[in-house]
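Everything in the sequence shown is counted per my numbering, starting at 18 for the first residue and increasing by one. Even glycine gets a Cβ: it sits at the ideal position worked out from N, Cα and C.
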Amino acid sequence: MRSHDGAVKLGAGSAVLENSVVIGLPQHPVSVGERTLLDHRSLVLGAEVGALCDVGSGSILMPGARLGARCLLSEGTVIPAGIVVPDDSVVAGRPGRILRRTTADDLERLRKRRGGSLDLPGQPLTAFSARDRAEDAPMGQLYTFRDKHPLVHPTATLFSSAEVTGDVIIGPGCIIGPGVKILGDASGPVRIGAGVQVLANTVLHRLSDHALTLEDGVIIGPGCTVHGSHVGANTVVEPGAILCDGTRLGRGSFVGAGSLVKQGSNFADGAHVDGFPAAQTGTLTSLPPVPRWALRPEDLPGLRRIG
Numbered sequence: 018m019r020s021h022d023g024a025v026k027l028g029a030g031s032a033v034l035e036n037s038v039v040i041g042l043p044q045h046p047v048s049v050g051e052r053t054l055l056d057h058r059s060l061v062l063g064a065e066v067g068a069l070c071d072v073g074s075g076s077i078l079m080p081g082a083r084l085g086a087r088c089l090l091s092e093g094t095v096i097p098a099g100i101v102v103p104d105d106s107v108v109a110g111r112p113g114r115i116l117r118r119t120t121a122d123d124l125e126r127l128r129k130r131r132g133g134s135l136d137l138p139g140q141p142l143t144a145f146s147a148r149d150r151a152e153d154a155p156m157g158q159l160y161t162f163r164d165k166h167p168l169v170h171p172t173a174t175l176f177s178s179a180e181v182t183g184d185v186i187i188g189p190g191c192i193i194g195p196g197v198k199i200l201g202d203a204s205g206p207v208r209i210g211a212g213v214q215v216l217a218n219t220v221l222h223r224l225s226d227h228a229l230t231l232e233d234g235v236i237i238g239p240g241c242t243v244h245g246s247h248v249g250a251n252t253v254v255e256p257g258a259i260l261c262d263g264t265r266l267g268r269g270s271f272v273g274a275g276s277l278v279k280q281g282s283n284f285a286d287g288a289h290v291d292g293f294p295a296a297q298t299g300t301l302t303s304l305p306p307v308p309r310w311a312l313r314p315e316d317l318p319g320l321r322r323i324g
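#1: Would you kindly work out how many angstroms separate the C-alpha atoms of isoleucine 192 and threonine 53, rounded to a whole number?
#2: Pull up the CB-CB distance for valine 290 and glycine 273, whole angstroms please, since I reckon it's below 8 Å.
#3: Just curious, the alpha helix (DSSP H) that lysine 129 is in, first and last residue?
#4: Out of Gly81, Leu69, Val33 and Glu51, point me to the one whose CA is closest to leucine 42's CA.
#5: To the nearest angstrom, how far is it from the Cα of serine 178 to the Cα of proline 294?
#6: Taking the beta carbon of aspartate 184 as the centre, do at least 16 other beta carbons fall within 10 Å, making it buried, or is it exposed?
#7: Sorted by chain position, which residues of the same chain lie with C-beta nearer than 6 Å to threonine 252's C-beta, five sequence neighbours on each side aside?
#8: Shortest alpha-carbon distance to alanine 296 belongs to which of Phe284, Thr302 and Leu304?
#9: What runs of the beta strand (DSSP E), each 3 residues or longer, lie entirely inside the segment 265-324?
#10: What separation, rounded to the nearest whole angstrom, lies between the Cα atoms of glycine 287 and serine 134?
#11: How far does the beta strand (DSSP E) with lysine 165 in it reach, from first residue to last?
#12: Where does the unbroken beta strand (DSSP E) through valine 213 begin, and where does it stop?
#13: For proline 308, collect the residues of the same chain with a Cβ closer than 8 Å to its Cβ; drop the 5 residues on either side in sequence, then sort them by chain order.
#14: Taking the alpha-carbon positions, what's the cysteine 261 to histidine 247 distance?
#15: Under a Cβ-count criterion, where at least 16 other Cβ atoms within 10 Å of its own Cβ denotes burial, should aspartate 71 be classed as buried or exposed?
#16: Hey, aspartate 105 and arginine 87 are a contact pair by Cβ (cut 8 Å); roughly how many whole angstroms apart?
#17: Quick one: Cα of glycine 257 to Cα of glycine 30, how far?
#18: Taking the alpha carbon of valine 169 as the reference point, which residue from Arg208, Ile96, Asp122 and Pro318 has its own alpha carbon closest?
#19: Helix, strand or coil for aspartate 202, going by three-state DSSP, please let me know.
#20: Do you know whose CA, among Thr161, Arg163 and Ile199, lies nearest leucine 175's CA?
#21: When the Cα atoms are used, what is the spatial distance from glycine 275 to aspartate 226?
#22: Under the rule that 16 or more other beta-carbon atoms within 10 Å means buried, what is glutamine 140, buried or exposed?
#23: For the pair the segment 155-165 and the segment 94-101, tell me if three or more CB-CB distances fall below 8 Å.
#24: Alpha carbon to alpha carbon, how far is proline 171 from glutamate 51? Give it in angstroms, no decimals.
#25: By how many angstroms is the C-alpha of serine 91 removed from the C-alpha of valine 108?
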């Protein structure tokens, strides 16, 4: 959970389950209503979620999205940026579509999962304070595998919960976010260039037949999975995307949130790629902008662990 200037508010009785990511920004704050459930591996970036919602595992809510109260999202649903979902909606799909309104049976299931009551407690929010500086925490966990060990440039930043294993090289100025797993445990290396960001709970895995290379300036959003791919410089991969082994993305490309790029896919420079499975939906005439949910070097000195 990452908040810039108090931009995340979590209502009383709500739950954010394992490997979920919540990022609030001043331009796009996150507000989660009371007694709402964000299930495993949910990604909420600058979105609003009403009270008594169930957000299914692996769902993605992009900046400016808004869910009303008592909404039910199926597993893996993607709500694109700026989309407003009214109260009492049942939503599924990539992108999400409203299937129907919630029924009395739906509300009864919600009630049972919440101890027999849908009452809202109306409790005040709890403030957290900084406990110590991020630089005082250990910088990631590095593991040797079959006599291969990671090499990390001294100017790179690894969050303390990041894990890097085996034949991995991380270049200057990189940011490796919390919960990231980078596995160089197959027959070849993982190479990460300069100024790359790999954000929260993403997995990078080098398979035996395909190298894994992220060229300079690549940004990989939270909750992504990248297997044995080559990603060209200054490419942006939005949250929750999956790049299967053998994928090649040209320089300055863009992959939409929740996309599935199939094994062996090859896209030229500037490709705009989206869908499940992904296809090229356009060609960029300039480099994709740095997403607002990305970290910036000036953010790093202000990082604090809280408790």
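The short version:
#1: Going by the C-alpha atoms only, they are around 31 Å apart.
#2: With 8 Å as the limit, valine 290 and glycine 273 qualify as a contact, their Cβ atoms being about 7 Å apart.
#3: Run containing lysine 129: 121-130, per the alpha helix (DSSP H) assignment.
#4: Taking the Cα of leucine 42 as reference, the smallest distance to any Cα among Gly81, Leu69, Val33 and Glu51 is reached at Gly81.
#5: So the alpha carbons of these two residues sit roughly 31 Å apart.
#6: Residue environment analysis places aspartate 184 among the buried positions, since at least 16 neighbouring C-beta atoms fall within 10 angstroms of its C-beta.
#7: Here the set comprises Val235, Leu266 and Ser270.
#8: Among Phe284, Thr302 and Leu304, the Cα nearest to that of alanine 296 belongs to Phe284.
#9: Runs of the beta strand (DSSP E) spanning 3 or more residues and lying entirely within the segment 265-324 occur at 288-292, 295-300 and 321-323, in chain order.
#10: Their backbone Cα atoms lie some 51 Å apart in a straight line.
#11: Here lysine 165 belongs to no beta strand (DSSP E), and DSSP marks it neither H nor E.
#12: From DSSP, valine 213 is part of no beta strand (DSSP E); its letter is neither H nor E.
#13: Its chain contains Ile236, Gly238, Val253 and Glu255 as the residues whose beta carbon lies nearer than 8 Å to that of proline 308, once the 5 sequence neighbours on both sides are disregarded; these appear in chain order.
#14: Rounded to whole angstroms, cysteine 261 to histidine 247 spans 10 Å at the Cα level.
#15: The Cβ neighbour count for aspartate 71, taken over all protein chains shown within 10 Å, is at least 16; the residue is labelled buried.
#16: The beta carbons of aspartate 105 and arginine 87 sit about 5 Å from each other, so the pair counts as a contact at 8 Å.
#17: C-alpha of glycine 257 to C-alpha of glycine 30: approximately 26 Å in a straight line.
#18: Valine 169 has its Cα closest to that of Arg208, out of Arg208, Ile96, Asp122 and Pro318.
#19: In the structure shown, aspartate 202 falls within a coil segment according to DSSP collapsed to helix, strand and coil.
#20: Ranked by how close their Cα comes to the Cα of leucine 175, the residues Thr161, Arg163 and Ile199 have Ile199 in first place.
#21: Going by the C-alpha atoms only, they are around 25 Å apart.
#22: With fewer than 16 other Cβ atoms within 10 Å, it is exposed.
#23: At 8 Å Cβ cutoff, the stretches do not touch.
#24: Looking at the two C-alpha atoms, the distance is approximately 43 Å.
#25: Roughly 6 Å between the two C-alpha positions.
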